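Novice:
There are 2 protein chains.
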Amino acid sequence: MTVRDVATLANISPEVVRYYSRIGLIKPQRNRKNGYKLYDASDISRLIFIRRAKTLGYTLKEIKNILSHSNTGTSPCPMVRRIIENRIDDNRQRLDDMLSLQTRMENAVEQWKHMPDGTPDGDSVCILIESFTHDNNMEVR
Amino acid sequence: MTVRDVATLANISPEVVRYYSRIGLIKPQRNRKNGYKLYDASDISRLIFIRRAKTLGYTLKEIKNILSHSNTGTSPCPMVRRIIENRIDDNRQRLDDMLSLQTRMENAVEQWKHMPDGTPDGDSVCILIESFTHDNNMEVR
DNA sequence: CTTGACCTGTGTGTTACACGCATGTTGTAG
DNA sequence: CTACAACATGCGTGTAACACACAGGTCAAG
Numbered sequence: 011m012t013v014r015d016v017a018t019l020a021n022i023s024p025e026v027v028r029y030y031s032r033i034g035l036i037k038p039q040r041n042r043k044n045g046y047k048l049y050d051a052s053d054i055s056r057l058i059f060i061r062r063a064k065t066l067g068y069t070l071k072e073i074k075n076i077l078s079h080s081n082t083g084t085s086p087c088p089m090v091r092r093i094i095e096n097r098i099d100d101n102r103q104r105l106d107d108m109l110s111l112q113t114r115m116e117n118a119v120e121q122w123k124h125m126p127d128g129t130p131d132g133d134s135v136c137i138l139i140e141s142f143t144h145d146n147n148m149e150v151r
Numbered sequence: 011m012t013v014r015d016v017a018t019l020a021n022i023s024p025e026v027v028r029y030y031s032r033i034g035l036i037k038p039q040r041n042r043k044n045g046y047k048l049y050d051a052s053d054i055s056r057l058i059f060i061r062r063a064k065t066l067g068y069t070l071k072e073i074k075n076i077l078s079h080s081n082t083g084t085s086p087c088p089m090v091r092r093i094i095e096n097r098i099d100d101n102r103q104r105l106d107d108m109l110s111l112q113t114r115m116e117n118a119v120e121q122w123k124h125m126p127d128g129t130p131d132g133d134s135v136c137i138l139i140e141s142f143t144h145d146n147n148m149e150v151r
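These protein sequences, in sequence, are chains Y and F.
Residues in the first sequence are numbered consecutively from 11, following the working numbering.
Residues in the second sequence are numbered consecutively from 11, following the working numbering.
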């Protein structure tokens, strides 16, 4: 199978398949006649595995580790559990950050509703941004 | 003032100040003797403005636009309002995505609690990931 | 005068691709 | 049989906002 075929079967774009080959996530055979990459059923299941892992929040780097780990015959499962637990914590933190950003933005729009646009001078760039007051944490990431 | 001074006063790391100079967000003078960047009070207020804008979700690119827009004498406020309203929508979408990821990850960990680690063979890389069923009913907690 | 803290510019790495380039290959319509 | 579209190849660049490293120049104090 060629790139387009395997991409269609795995429901991925050919670009992504090429990218995964490039970074070593999949290792297709080669057609000796023309140098084209040759994919088989095992590549498809690997691609499907990668996509499943991605929907669970694993990064490509982590997936690569999982794959090569399992190639050595040892179970990647303990690693898989460890990673996802850390990711849950990280994600909760980022969610909190984004939620507070969302609140901040909504508050700003609300405050600005009753304010006119200002003309910039030497002291002021944009009175909206400069005048915005927020009560609690200013955290951004 | 030198980088370290202005960074301390604006409560930013010197690296970030250098980065902002590099991408043209601030344009410090130069010491003709040694080529060092020379910052003054206007740079500090610019840095503070940039940080305020960032806490409101504006990207550095957008902030650059806002700054140069206000340099032409026209009010950046309409643009500022437009950007934040779009950002609120985008952010809500990303929040939804991250929330569903969070739920998915938590469901996975829950399912996996009752499962043993598997040994990899030709057919299986990691039974945990492969067996995870993405049941939409579970998502509604 | 040496030392150490600071400055300079530039380059690389981070994530997961998207897109473009120049070039080589294949399949098919005329 | 050949022209041409549609595919393939590798490689390079760009994305956001820095962090960090490197090699070298500068400055104040002892």
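For each residue, glycine too, the CB sits at the ideal point set by N, CA and C.
Given the structure is predicted, the values throughout are model-derived calculations rather than measurements.
So with CB distances below 8 Å, who are the chain F contacts of R114 of chain Y?
Specialist: The answer, in chain order, is T65, L66, G67.
Novice: Looking at the structure shown, is K47 of chain Y part of a helix, part of a strand, or coil, going by DSSP?
Specialist: In this structure, K47 of chain Y counts as strand in the three-state DSSP scheme.
Novice: Have a look at I36 of chain F and L57 of chain F and give me their C-alpha separation to the nearest angstrom.
Specialist: Whole-angstrom Cα-Cα distance: 8 Å.
Novice: If I follow the unbroken alpha helix (DSSP H) through T6 of chain Y, where does it start and stop?
Specialist: Only positions 11 to 151 of chain Y appear in this structure, which leaves residue 6 of chain Y out of reach.
Novice: At least one CB of chain F closer than 7 Å to the CB of V135 of chain Y: is that the case?
Specialist: By this cut-off, V135 of chain Y is an interface position.
Novice: Residues in the same chain with beta-carbon distance under 8 Å from L10 of chain Y, minus the five sequence neighbours each way, listed in chain order, please.
Specialist: Nothing can be reported for residue 10 of chain Y: it is not among the residues displayed for chain Y, which extend from 11 to 151.
Novice: Apply the 10 Å Cβ neighbour rule to S110 of chain F and answer buried if 16 or more other Cβ atoms are within range, or exposed otherwise.
Specialist: The residue in question, S110 of chain F, is exposed, as its Cβ has fewer than 16 Cβ neighbours within 10 Å.
Novice: Would you decide whether S52 of chain Y is buried or exposed? Buried here means 16 or more other CB atoms lie within 10 Å of its CB.
Specialist: Flag for S52 of chain Y reads exposed.
Novice: Whose Cβ in chain F lies nearer than 7 Å to the Cβ of T129 of chain Y?
Specialist: Those are S85, listed as they occur along chain F.
Novice: Would you kindly work out how many angstroms separate the C-alpha atoms of G128 of chain F and V119 of chain F, rounded to a whole number?
Specialist: Straight-line Cα distance between these residues: approximately 15 Å.
Novice: Just the chain Y side, please: which residues come within less than 7 Å of N41 of chain F by C-beta, in chain order?
Specialist: Those do not exist, as N41 of chain F stays about 24 Å from chain Y at its closest Cβ, beyond 7 Å.
Novice: Report the option in Y:Y29, Y:N41, Y:G132 whose CA atom is closest to the CA atom of L70 of chain Y.
Specialist: With distances taken between Cα atoms, L70 of chain Y lies closest to Y:Y29.
Novice: Our contact map puts S31 of chain Y next to K47 of chain Y with C-beta atoms below 8 Å; I'd like the distance itself, whole angstroms only.
Specialist: Indeed, because the Cβ distance is near 6 Å, the residues count as touching under 8 Å.
Novice: Exposed or buried, R40 of chain Y, counting other C-beta atoms within 10 Å across all chains shown (16 or more means buried)?
Specialist: So R40 of chain Y ends up on the exposed side.
Novice: When you compare the CB positions of R62 of chain Y and I93 of chain F, do they come within less than 7 Å of one another, or not?
Specialist: No. Outside cutoff.
Novice: Is there a Cβ from chain Y that is less than 7 Å from the Cβ of L191 of chain F?
Specialist: A query on residue 191 of chain F cannot be resolved here, the shown segment of chain F reaching from 11 to 151 and no further.
Novice: In angstroms with no decimal places, state the Cα-to-Cα distance between I33 of chain F and I73 of chain F.
Specialist: Each residue's Cα considered, the two are about 12 Å apart.
Novice: Would C87 of chain F and P86 of chain Y qualify as a contact pair, given that the criterion is a beta-carbon distance under 7 Å?
Specialist: No, Cβ-Cβ distance for C87 of chain F and P86 of chain Y is not below 7 Å.
Novice: Using the Cβ count rule (16 or more neighbours within 10 Å means buried), how would you classify P126 of chain F?
Specialist: That one is exposed.
Novice: Does the beta-carbon of G67 of chain Y have 16 or more other beta-carbons within 10 angstroms, so that it is buried, or is it exposed?
Specialist: Buried is the call here.
Novice: According to DSSP, what are the bridge partners of R40 of chain Y?
Specialist: Y:K47.
Novice: What number of angstroms, rounded off, separates the C-alpha of K64 of chain Y from the C-alpha of S141 of chain Y?
Specialist: Roughly 42 Å between the two C-alpha positions.
Novice: With DSSP collapsed to three states, give me the class of S134 of chain Y.
Specialist: It is coil, neither helix nor strand.
Novice: Among Y:I76, Y:Q112, Y:G45, which one has its Cα closest to the Cα of V90 of chain Y?
Specialist: Of Y:I76, Y:Q112, Y:G45, the residue nearest in Cα terms is Y:I76.
Novice: Are any of the Cβ atoms in chain F nearer than 7 Å to that of I98 of chain Y?
Specialist: Cβ-Cβ to chain F under 7 Å: yes for I98 of chain Y.
Novice: Under the three-state reduction of DSSP, which class applies to F142 of chain Y: helix, strand or coil?
Specialist: If DSSP states are grouped into helix, strand and coil, F142 of chain Y belongs with coil.
Novice: Below 7 Å on C-beta distance, what does A118 of chain F contact in chain Y?
Specialist: Residues of chain Y passing the Cβ test: L66, I94.
Novice: In the structure shown, what three-state DSSP assignment does P126 of chain Y receive?
Specialist: P126 of chain Y: coil per DSSP, three-state reduction.
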